[in-house]
Amino acid sequence: MIDPKLLRQSTTDVAKNLSRRGFDFDVDAYLALEERRKSLQVNTENLRNERNSSSKNIGKAKAQGEDIAPLLAAVKDLGDKLEENEAALQALLSELQAIELGLPNLLDDDVPDGRDEDDNVEVRRWGEPVKFDFEAKDHIEIGESLGLLKFEAASKISGSRFVIMRAGLARMQRALIQFMLDTHTSEHGYEEAYVPYLVQSQALVGTGQLPKFEEDLFKTTNETPFYLIPTAEVPLTNLARDVIYEADQLPLRYTAHTPCFRSEAGSYGQDTRGMIRQHQFEKVELVQLVAADTSAQALEELTGHAETILQRLELPYRVVSLCSGDVGFGARKTYDLEVWLPGQERYREISSCSNCGDFQSRRMQARRRNPDSGKPELIHTLNGSGVAAGRALIAIMENYQQADGTIRVPAVLRPYMGGTETV
RNA sequence: GGAGAGAUGGCUGAGUGGUCGAAAGCGCUCCCCUGCUAAGGGAGUAAGGGCUAAUACCCCUUCGAGGGUUCGAAUCCCUCUCUCUCCGCCA
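Numbering (numbering that gives the first Met the number 0), first residue to last: 0 to 422.
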């Protein structure tokens, strides 16, 4: 959520920033509502004040044994009037809040302008795409010919966008997850967490998936429904909900491995074949909770932590800074890590690292106590994939494929696979 | 699933219709005293929101959540959630 005060006082500046995303904010409609809100709220609070002081007087009079009948008569109409005002105010506030919850985050100044992913700006590259002395296959062909990827079997059970992995490949995914968690906890200062995969709506409102992107989520049919997490960012970031941290408790760094569930509504026809885009995939997530003035630096570090994984796996990748039209709803700046896929001969997203500023913490009331003023202030939240295990597995299959159709095991994963060198 | 108890400020814990945003204690901050330490004295110490140039006044809201009764609710009524104890069941 954007600071309501800023929205009120600098509405056109906010609108201008949002327009960089291609987001059209109806300034006039908002200002009209806001004007009504102001007078109605002031009015209502005055009425409440009147009611409160009258009631106190009645109390005093009664205590002194005076006749309170005339006092009661004087406040007779107040109640109805107040009730009417409160109802109108409530309606107006909900309307405003709905608007505010639907506004994306303000962009950082150094986010490049652009419409869509074609305008993203490459920041740096690491590694050289491998040259094979045979025709490179994609992960589907490799996996199916080895009998390690079972798409049809999965679709019999669960439909499209699911996969079953077998034997060495299933084990390699587990090794990959172990390797990533170990690296982040022992070298990058993250604390490992085990978190719920089912969450309630307020957690998703906190991180920004709700109310706007409900159609992207899986939802249970309980009376108070659960949602399957689309990323561990949701439970990890919500650890800070309603917390006021002492200054010396920050920064906090959390990592978790979880499955992620996405309905992929609206992506029909995209990546329908293979394991790129699934309803369920494994990911190791990184989340940081930091003081406001350190988040820009933290984003660079967090991105580096994800990069370390790809470097150790010796997978060529590039880092792109997402352009204004491609930065996600809750982020003010995002770096994507794109890994080289020989089967597609292009770079594909494998990690997305974002600084959300105070956007999420305002929704969650996640704060720290300012050591100088003693006052609570919103913290900044960051998240990034460190990295998506399913896609990392694809990258390994395609980059480590051999002429005979088998896959070499990256050196750093071998200790996690009992020394196995090939699958 | 059955039976019972509970939810109040950073913590402990009073408070069954009015002057209670809330006693007291602890903790914390500042000041005083004491040549260190210990002890003692005094003051302060919730969050959100509105108004505002303001982190100044003033006002509103908040005693697990949501409804209700009332001029007035931490206190009375209803619903829900969570925690604890015992029994059953289970990983």
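Glycine residues also receive a C-beta, built at the ideal position from the N, C-alpha and C atoms.
Handout entry: Secondary structure of Thr405, DSSP reduced to three states
Key = coil
Practice task
Go through its chain and collect everything with a Cβ distance to Gly327's Cβ below 7 angstroms, but skip five positions before and after it.
Solution key: Thr333, Ser353
Problem - Cα-Cα separation between Thr302 and Arg367, rounded to whole angstroms - result: 24 angstroms
Problem - Best match in Asp107, Glu94, Lys80, Val41 for proximity to Gly324 [C-alpha to C-alpha] - result: Asp107
Exercise for the section: Consult DSSP for Met164 and reduce its assignment to one of helix, strand or coil. Expected result: strand
Practice task
Count the other CB atoms, across all protein chains shown, that sit within 10 Å of the CB of Arg170; report buried if there are 16 or more and exposed otherwise.
Solution key: buried
Exercise for the section: Output the distance between the C-alpha atoms of Glu143 and Arg331, rounded to the nearest integer angstrom. Expected result: 41 angstroms
Practice task
State the beta-bridge partners of Asp335 as determined by DSSP.
Solution key: Val319, Ser351
Handout entry: Local conformation of Val286 per DSSP, three classes
Key = strand
Exercise for the section: Quick one: using the 10 Å Cβ neighbour count with 16 as the cut-off for buried, is Ala73 buried or exposed? Expected result: exposed
Practice task
Kindly provide the ranges of any beta strand (DSSP E) runs that are 3 or more residues long and lie completely inside the stretch 202-232, ordered along the chain.
Solution key: none
Handout entry: Thr43 versus Lys4 - alpha carbon distance
Key = 20 angstroms
Handout entry: Short Cβ contact (8 angstroms threshold) for Tyr189 with Tyr253
Key = yes
Practice task
Let me know the secondary structure DSSP gives Ser384 once reduced to three states.
Solution key: strand
Practice task
Can you grab the Cα-Cα spacing for the pair Ile424 / Arg114, in whole Å?
Solution key: Residue 424 is absent from the model: the chain starts at 0 and stops at 422.
Problem - C-beta contact flag for Leu377 and Ala297 at 8 angstroms - result: no
Handout entry: Residues near Val146 in its chain [Cβ-Cβ closer than 7 angstroms; skip 5 each side]
Key = Correcting the residue identity first, residue 146 is Gly in this sequence and not Val. Counting only Cβ-Cβ distances below 7 angstroms, and skipping sequence neighbours, we find Arg165.
Problem - Stretch-stretch touch, CB-based, cutoff 8 angstroms, three pairs: the stretch 277-296 with the stretch 382-389 - result: yes
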